[in-house]
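Data first, discussion second: the structure below is written as structure tokens.
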Amino acid sequence: MKQDLTTGVHLTVIPTTQFKTVSLLVSFCSPVTLATLTQRSLLADLLETSSHKYPTQTALASKLSSLYGANYSTNVMKTGELGQFQFGMTVPNGRYLEGQPDLLKDAVTFLNEMINFPLQSSSTPNAFDDATFDRQKKNLATALKSVSEDKMLYTRLQTQQLHFGNVAAAFPSAGRLEDVDALTATNVFAELNRMREHDEVYIYVLGDVTDETVVAALENLHLAPRPATHGQLAYHMSTPKALKQQVEHQPITQAKLDLIYHFPVDYGQAMYYPAQVFNALFGGTPLSLLFTNVREKQSLAYYANSSVNFFNQTLTVQTGIDGDNAEQVKQIINEQLAALAAGKMSEQRFQQVKETLINQREAAQDAPRMVIGAYLMDDLAQSPISVADWINGIEAVTMNDVALVARLATLATSYLLRD
1 MKQDLTTGVH LTVIPTTQFK TVSLLVSFCS PVTLATLTQR SLLADLLETS SHKYPTQTAL
61 ASKLSSLYGA NYSTNVMKTG ELGQFQFGMT VPNGRYLEGQ PDLLKDAVTF LNEMINFPLQ
121 SSSTPNAFDD ATFDRQKKNL ATALKSVSED KMLYTRLQTQ QLHFGNVAAA FPSAGRLEDV
181 DALTATNVFA ELNRMREHDE VYIYVLGDVT DETVVAALEN LHLAPRPATH GQLAYHMSTP
241 KALKQQVEHQ PITQAKLDLI YHFPVDYGQA MYYPAQVFNA LFGGTPLSLL FTNVREKQSL
301 AYYANSSVNF FNQTLTVQTG IDGDNAEQVK QIINEQLAAL AAGKMSEQRF QQVKETLINQ
361 REAAQDAPRM VIGAYLMDDL AQSPISVADW INGIEAVTMN DVALVARLAT LATSYLLRD
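Under full-length UniProt numbering, the first residue of the sequence shown is numbered 1, with each subsequent residue one higher.
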């Protein structure tokens with residue numbers, strides 16, 4: 001069932017007897033901006049660990065324990081041009097417990113507390129509690145500093161920044177270290193108010209529930225009407241006119257070579273299914289050409305994989321290599337791409353890859369968060385794709401389709417981190 005609780009607040013109820021839990025997701029959606037990226041990252045930490053009623057993590061944990069071990073979390077993520085701030089909660093289904101407590105209603109009441117009643121300063125109006133804010137701000141700075149120690153992640157982020165430039169698409173949802181110092185208990189609280197008042201909201205409830213009980217429970221979640229448009233989803237760049245390249249030197253033992261290809265395929269459009277099969281053949285699975293030829297046969301990479309982002313039109317290749325072999329590795333990677341573009345693939349590998357993708361999608365149906373995530377993506381993209389439709393789409397892909405979509409990839413960015 002789908003219905004609007006008020007303007008800009010959308011509810012989807014997903015009834016199923018598959019799980020003995022009830023899962024809830026409340027996702028606030030708005031265009032992502034550099035100005036708010038780091039603010040919302042810190043905000044997620046603050047709203048995950050405290051509220052007015054539960055000022056400490058101990059008090060919060062005690063409340064969740066009283067809800068029969070309920071799980072609660074916050075999350076920030078980006079999907080193309082869209083930023084999402086999510087509150088997630090999972091509780092046991094009360095009908096399977098002694099006395100059949102109404103844990104759905106309790107869960108909604110808890111979420112209302114965490115969303116609408118943050119732990120505020122006792123001395124400054126419209127500001128977070130100083131001690132809690134300072135602690136979480138310090139933790140965020142530490143986490144962002146640690147990115148440079150994870151060389152695989154560091155290289156990927158540097159490659160994205162080189163590719164996209166100084167826009168939100170280039171940076172992780174966790175934010176930017178250089179923005180942390182400017183965060184205050186007041187300006188982050190102001191961002192919370194903006195989010196609660198203006199972001200479009202999508203609510204999902206999955207479990208053995210009825211539409212009526214869900215709607216009744218959500219009367220305890222107080223959200224005012226707001227604009228019913230979240231803006232454009234996909235982030236598009238024009239085909240690159242020249243290759244962007246950068247080499248960075250650090251005292252490391254294993255070099256990292258990352259490549260980004262411009263890949264003009266959007267979620268749900270005609271080439272969406274062929275693109276997924278192509279990526280699985282190129283570098284997205286252990287059956288892929290990058291894995292078998294670059295890593296295994298040529299022994300030129302410690303790891304080699306690819307991934308597609310259908311919301312910013314990129315195909316990314318990540319490798320761990322000997323820095324002296326960088327040009328040879330790049331050449332062999334492009335040879336694998338050229339082979340697929342020429343239709344050079346075995347029927348056996350092609351069919352195995354399609355079976356792998358279908359098995360992965362079917363397995364995802366056993367995870368409530370994955371099921372809800374698929375419903376959310378359909379709503380944001382305004383392009384509903386059922387599991388059956390998705391499987392049929394993959395099964396219908398031909399080797400010629402893969403060749404056609406492979407020809408769309410244009411190398412745009414190359415980043416090498418080496419000694």
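Beta carbons: idealized from backbone N, C-alpha and C, even for Gly.
query, result
"N- and C-terminal bounds of the beta strand (DSSP E) containing Arg-295", "Where Arg-295 is concerned, there is no enclosing beta strand (DSSP E), given that its DSSP letter is neither H nor E."
"Alpha helix (DSSP H) segments (min. 4 residues) lying fully within the UniProt domain \"Peptidase M16 C-terminal\" (200-357)", "211-217, 272-279, 326-341"
"Of the listed residues Asn-312, Gly-207, Asp-181, nearest to Tyr-235 (C-alpha basis)", "Asn-312"
"Distance, Arg-418 Cα to Thr-253 Cα", "8 Å"
"Nearest-angstrom Cα separation, counted from Leu-357 out to Ala-280", "8 Å"
"Residues of its chain near Asn-220, where Cβ-Cβ distance is below 8 Å and the 5 sequence neighbours each way are ignored", "Lys-105, Val-108, Thr-109, Asn-112"
"Contact check, Asp-199 vs Cys-29, beta carbons under 7 Å", "yes"
"Any beta strand (DSSP E) of 3 or more consecutive residues that is wholly inside the region 356-418", "410-418"
"Whole-angstrom C-beta distance between Thr-159 and Thr-410, which should lie under 8 Å", "Between Thr-159 and Thr-410 the Cβ distance is about 15 Å, and since that is not below 8 Å, they are no contact."
"His-222, buried or exposed, once every other Cβ within 10 Å from all chains shown has been counted against 16", "exposed"
"Where Tyr-68 falls: helix, strand or coil (DSSP)", "coil"
"Pick from Leu-290, Tyr-272, Glu-191, Val-147 that is closest to Asn-126, judged by C-alpha positions", "Glu-191"
"Chain-order list of residues whose beta-carbon lies under 6 Å from that of Tyr-267 (same chain, five-residue window excluded)", "Phe-310, Ala-381"
"Beta-carbon spacing of Ala-35, Val-76 below 7 Å", "no"
"Top-ranked residue by Cα proximity to Ser-383, from Lys-151, Ala-270, Glu-327", "Ala-270"
"Proximal residues to Ser-386 (C-beta, below 6 Å), its chain only, five neighbours per side dropped", "none"
"Cβ shell of Lys-244 (< 6 Å), same chain only, five flanking positions each side left out", "Leu-162, Thr-413"
"Lys-2 in three-state terms, based on DSSP", "strand"
"Beta strand (DSSP E) segment containing Gln-86, residue limits", "82-92"
"Beta-carbon proximity list for Ala-228, same chain, < 6 Å, skipping 5 on both sides", "Thr-7, Gly-8"
"Beta strand (DSSP E) segment containing His-10, residue limits", "9-15"
"Bridge-paired residues (DSSP) for Ser-73", "Gly-88"
"Distance CB(Gly-207)-CB(Asn-93) smaller than 7 Å", "yes"
"Contacts around Thr-124, its chain only, beta-carbon distance under 6 Å, and the 5 residues preceding and following it disregarded", "none"
"Limits of the alpha helix (DSSP H) - the one that Leu-42 falls within", "34-49"
"Beta strand (DSSP E) segment containing Leu-25, residue limits", "21-31"
"As assigned by DSSP and simplified to three states, the class of Lys-137", "helix"
"Where the alpha helix (DSSP H) through Leu-162 begins and ends", "151-164"
"Three or more C-beta pairs below 8 Å linking the region 114-122 and the region 44-63", "yes"
"Same chain, Cβ closer than 8 Å to Ala-400, neighbours up to 5 away in sequence not counted", "Rather than Ala, the amino acid found at residue 400 in this sequence is Asn. Gly-343, listed in sequence order."
"Cα-Cα separation, Ala-185 to Ser-121", "8 Å"
"Other residues of its chain near Pro-240: CB distance less than 6 Å, five sequence neighbours each side excluded", "His-262, Ala-412"
"Cβ-Cβ separation, Leu-300 to Val-294 (assumed contact under 8 Å), whole Å", "6 Å"
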